[in-house]
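Okay, structure first, notes after.
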Amino acid sequence: MYGGVVISTQPSDLGGCGLSVEVAHEFHGHSIVTRYCHLDTLAVQPGQQLSGGETLGTLGSSCVSTGPHLHFELMVDGTHVDPQDWLGNNTKGWL
23 MYGGVVISTQ PSDLGGCGLS VEVAHEFHGH SIVTRYCHLD TLAVQPGQQL
73 SGGETLGTLG SSCVSTGPHL HFELMVDGTH VDPQDWLGNN TKGWL
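If you want the working numbering, it's the 1-based position in the sequence shown plus 22.
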């Protein structure tokens, strides 16, 4: 799952997610979507092809948040999963 395509950017509240980016990936036959929430600024746009390690935006505290941080979500074949199960300790190459 190195790189992917930006499928959406949300400028406002998305279930408390604030300014966010969603990226679609394919990995060993699985449809993967990663979501990055509470951003301050965006550096990508929908339809943009990405390589691993590219900047999606800057860290922020948009919407319902107690301070600057990145809220990260991982969906596999449409189901939210624990990112740790997929990422482990090796995040090199992931967005």
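Positions of the beta carbon are idealized from the N, C-alpha and C atoms, including for glycine.
Who are Y64's beta bridge partners in DSSP? For this step, residue 64 is matched to residue 42 along the sequence shown. For clarity, residue 64 is Leu in the given sequence; the question names Tyr instead. Beta-bridge pairing links L64 to G79.
Just to confirm, are E95 and T56 a CB contact at a threshold of 8 Å?
Stepping through the sequence shown from its first residue, residue 95 is reached at position 73. Stepping through the sequence shown from its first residue, residue 56 is reached at position 34. It is a contact, given that the beta carbons lie within the stated cut-off.
(Q) Please state whether the Cβ-Cβ distance between V98 and H52 is less than 8 Å. (A) The residue labelled residue 98 in the question sits at position 76 within the sequence shown. The residue labelled residue 52 in the question sits at position 30 within the sequence shown. Yes.
Cβ separation of T31 and V43, assumed to be a contact under 8 Å, to the nearest whole Å: Here residue 31 refers to the residue found at position 9 when the sequence shown is read from its first residue. Here residue 43 refers to the residue found at position 21 when the sequence shown is read from its first residue. Indeed they touch by this definition, with Cβ atoms about 5 Å apart.
**Request:** Compute the Euclidean distance between the alpha carbons of G25 and G100, then round it to the nearest angstrom.
**Result:** Reading the sequence shown from its first residue, position 3 is the one you call residue 25. Reading the sequence shown from its first residue, position 78 is the one you call residue 100. Each residue's alpha carbon lies about 18 Å from the other.
For L92, which of helix, strand or coil comes out of DSSP? Here residue 92 refers to the residue found at position 70 of the sequence shown. Correct three-state label for L92: coil.
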